[in-house]
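Participant: One structure, pasted below without further comment.
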Amino acid sequence: MAHVELRKVVKRFGSVEVVHGIDLDIRDNEFLVLVGPSGCGKSTVLRMIAGLEPISGGEVFIGDRMVNHVSPKDRNVAMVFQNYALYPHMTVRYNMGFSLKMSGKSRDEIAAKVDEVAGILELGPYLDRKPSELSGGQRQRVAMGRAMVRKPDVFLFDEPLSNLDAQLRTQMRLELRKMHMRLMTTTIYVTHDQIEAMTLADRIVILKDGLIQQVGTPIEVFEKPANVFVARFIGNPPMNILKGTFKVIDGRRCVAAGKSVFPVPAGGDSLGDGDPVLIGIRPDAIKMGDRIEKLPKEWLCRGEVVVSEILGGHSHLEIVVDGENELLAEVEGRVVAHPGEIVPIGFEFDRMVLFDPETKEAIR
Amino acid sequence: MTMTRTSVFGTILLYSTLGLLAVLFLMPAYMAVVTALKLPADISLPSAWELPPVFNWSSFADAAAMLRPNFVNSVILTITATIGSTVLGSLNGYVFSKWKFKGSEVVFTLFLFGMFIPYQVILIPLFQTLRAMNLYGGLPGLILAHIVYGLPITSLIFRNFYSQIPTALIESGRLDGAGFFSIYLRIVFPLSIPGFVVTSLWQFTQIWNEFLWGICLTRHADNPITVGLAQLAGGQAVSWNLPMAGSIMAAVPVLCIYIFLGRYFIRGLLAGSVKE
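One line per chain: the protein sequences are A and B, in this order.
Numbered per my numbering, the first sequence spans residues 5 to 368.
Numbered per my numbering, the second sequence spans residues 298 to 573.
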């Protein structure tokens, strides 16, 4: 059990700097997910915490110990790799017991520990098989088991589910979450999949080009994205971003996008009449059909349905409002709307986010 | 129909060409066998291609008796030098592929240069070095020379072999608490048996067949079999049956190794050439 702290951590490969001074506090027992597009530096950060990549600048603490110059084996961290990195010539039993053997534990102790973890992960019947004789999901479980037997201070996961098919990934995601609730060990998890990030994390760190964009709980980063990048990266389908202008109409603070005008619920005190803004609206904040009845009538507008996709429980609709603003709406149920149909639509304005068109940062 | 006829004709042409070439290729071997089985008196240029009138099996026993010390020398030399250069090459390859350091690519390139230096070029400096080290004349000096000279190729083969082992395995080993040598012994070595087969086959053949250093760097008593063979053929009146029988016997170890381990050799050379 340990908290992990990164202070101004920098990583350079030769003359290229890929991580630009990251500050991050990972609490004891927390499940923290590092998410970002490929090349954002998330794996590099994880590898610096593991000790597999030297730190070019700044400090990394595990517990109260500065570990910049501590070798990986002495950091008491366990890592699950994307391709599992199971030792192909060893049976599952030896794979799982290897770290204990290296730390000089007795044969009986290793056997007991391996059996215990194999029991939790339901790997008992496979202990004498080689990795090549296992399915993808079983290999994944062995990789987790190998990390678990050591009782590490920190678990590190480097895109562990990306080699699995969609169904298995969903199942393993749940198992990972249950495992964390059971073991309560600080976990740092790297992924490029925002759904994994949303479902697994206590807190999410969104990285882009070696810089932290935002740190927050899944709901925080979803509802209050710090900038346009986070707004578009988190959530699927991504947030709609419209160009608009801030206006004061009859003493009410509004934003106008084309012919439509929306009230600004709170924040944005720094804005003046006529200032350009970007308006962020989550697809699920757009309401249609009987859902709009609860919304104030004066703010409804009309949109033309361009495409509608029925996904079963909900539907995705592409709508053009006022003939110029394209919006993607995610609506509950099977809203039957045919392309070309003009329908009334409403918005949950309190979930609207405004961004500065220059800096792309959220206006609070 | 025409197609079939052409393809039959093509097949005949192909196989007769191949057969002809095979005969051509095997002629020296045939010559060696028939000459070895002749009595010295029956050997003459005009009758060189004829089968022996009487089979003289004693050539083999006589040649074996004369070559025994050289054979023993060669066995010692080849086995120790092969093991030495293969094990060291494997460690080098492990470092060059998995523990890269600043400048390791440069060092590796310099290593590769060693492959392109002919034996003859370094003969005199090698002779002087071994003399200075007090190793000239005996087997240990020759063994050392072969180990060092084998390193470029063995390091290259192992480096390429090890670059197929995912680096994550090494990293996983590091996190599991294994160090440089325990990762090598417990993870890398067990995965590199095919690499060892290929490399040691190559080194075995090279060292067993080597002649120039053998004759220049060892005294008579420590001469390897290639030198012994040359001496059998080097007298005033040569009994050609003896060097021929000796050559056949000298070729046996290498032949056997290829027959029993050849499939590993092909597999090893092709490993990683196609995506599996």
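We put the beta carbon where it would ideally sit given N, CA and C, even for glycine.
Only a predicted model underlies this, so the values are computations on that prediction, with no experimental measurement involved.
Distance, Cα to Cα, residue 249 (chain A) vs residue 13 (chain A)?
Facilitator: Taking the straight line joining both Cα atoms gives about 39 Å.
Participant: Does the distance from the CB of residue 337 (chain A) to the CB of residue 318 (chain A) come in under 8 Å?
Facilitator: Closer than 8 Å, so yes.
Participant: What does the alpha-carbon distance come out to for the pair residue 239 (chain A) and residue 290 (chain A)?
Facilitator: Those two C-alpha atoms are separated by around 14 Å.
Participant: Alpha carbon to alpha carbon, how far is residue 171 (chain A) from residue 295 (chain A)?
Facilitator: Taking the straight line joining both Cα atoms gives about 32 Å.
Participant: If we cut at 8 Å on Cβ distances, does residue 130 (chain A) have a partner in chain B?
Facilitator: Closer than 8 Å: no.
Participant: Taking the alpha helix (DSSP H) that residue 266 (chain A) belongs to, which residues open and close that run?
Facilitator: That residue, residue 266 (chain A), is in no alpha helix (DSSP H); its beta strand (DSSP E) goes 264-267.
Participant: Distance check for residue 312 (chain A) and residue 342 (chain A), CA to CA, integer angstroms please.
Facilitator: C-alpha separation (whole angstroms): 7 Å.
Participant: Which residues in chain A sit within 9 Å of residue 463 (chain B), going by Cβ to Cβ distance?
Facilitator: Those within 9 Å of residue 463 (chain B) in chain A are 85, 87, 89.
Participant: Closest to residue 424 (chain B) by C-alpha separation, out of B:511, B:544, B:523, B:449, would be which residue?
Facilitator: That would be B:511, whose Cα lies nearest to the Cα of residue 424 (chain B).
Participant: If you reduce the DSSP assignment to three classes, tell me which class residue 243 (chain A) lands in.
Facilitator: Three-state result, residue 243 (chain A): coil.
Participant: In terms of DSSP beta bridges, what is residue 9 (chain A) paired with?
Facilitator: DSSP, once it has assigned bridges, lists A:29, A:65 as partnering residue 9 (chain A).
Participant: By the criterion of Cβ-Cβ separation under 9 Å, what are the contact partners of residue 468 (chain B) in chain A?
Facilitator: Going along chain A in sequence order, the residues near residue 468 (chain B) (Cβ under 9 Å) are 51, 54, 56, 76, 83, 85, 89.
Participant: Could you please give the first and the last residue of the uninterrupted alpha helix (DSSP H) stretch that includes residue 421 (chain B)?
Facilitator: Where residue 421 (chain B) is concerned, the enclosing alpha helix (DSSP H) stretches over 420-429.
Participant: Can you give me the C-alpha to C-alpha distance between residue 10 (chain A) and residue 64 (chain A), rounded to a whole angstrom?
Facilitator: Cα to Cα, residue 10 (chain A) sits roughly 5 Å from residue 64 (chain A).
Participant: Give me the residue from A:200, A:244, A:199 with the minimum Cα distance to residue 357 (chain A).
Facilitator: Among A:200, A:244, A:199, the Cα nearest to that of residue 357 (chain A) belongs to A:244.
Participant: Taking three-plus beta-carbon pairs below 8 Å as touching, is the stretch 73-86 of chain A in contact with the stretch 218-230 of chain A?
Facilitator: They do not touch, by the three-pair rule.
Participant: Report buried or exposed for residue 345 (chain B), applying the criterion of at least 16 other Cβ atoms within 10 angstroms of its Cβ.
Facilitator: By the neighbour-count rule (16 or more Cβ atoms within 10 Å), residue 345 (chain B) is not buried but exposed.
Participant: Contact check, residue 350 (chain B) vs residue 359 (chain B) under 8 Å by CB: the rounded distance?
Facilitator: That pair is no contact at about 19 Å.
Participant: Can you pull the DSSP bridge partners for residue 312 (chain A)?
Facilitator: Paired residues: A:321.
Participant: Exposed or buried, what is residue 190 (chain A) when buried is set at 16 or more other beta-carbons lying within 10 Å of its beta-carbon?
Facilitator: Buried is the call here.
Participant: Looking at the strands, I want to know which residues DSSP matches up with residue 231 (chain A).
Facilitator: Paired residues: A:365.
Participant: With a threshold of 8 Å between beta-carbons, can residue 92 (chain A) be considered close to chain B, or not?
Facilitator: Cβ-Cβ to chain B under 8 Å: yes for residue 92 (chain A).
Participant: In the structure shown, what three-state DSSP assignment does residue 187 (chain A) receive?
Facilitator: Note: residue 187 (chain A) maps to helix in three-state DSSP.
Participant: If you measure from the beta carbon of residue 107 (chain A) to each beta carbon in chain B, is any gap under 8 Å?
Facilitator: Yes, its Cβ sits closer than 8 Å to a Cβ of chain B.
Participant: Would the beta-carbon of residue 145 (chain A) be found less than 7 Å away from any heavy atom of the ligand COA?
Facilitator: Inclusion of the ligand COA in the displayed structure is not the case, the ligand content being empty and no account of it being possible.
Participant: Just to make sure I have the definition right: I need the residues of chain A whose C-beta is within less than 8 Å of the C-beta of residue 482 (chain B). Which are they?
Facilitator: In chain order: nothing, as chain A lies at least about 12 Å away.
Participant: DSSP three-state label for residue 254 (chain A), please.
Facilitator: Correct three-state label for residue 254 (chain A): coil.
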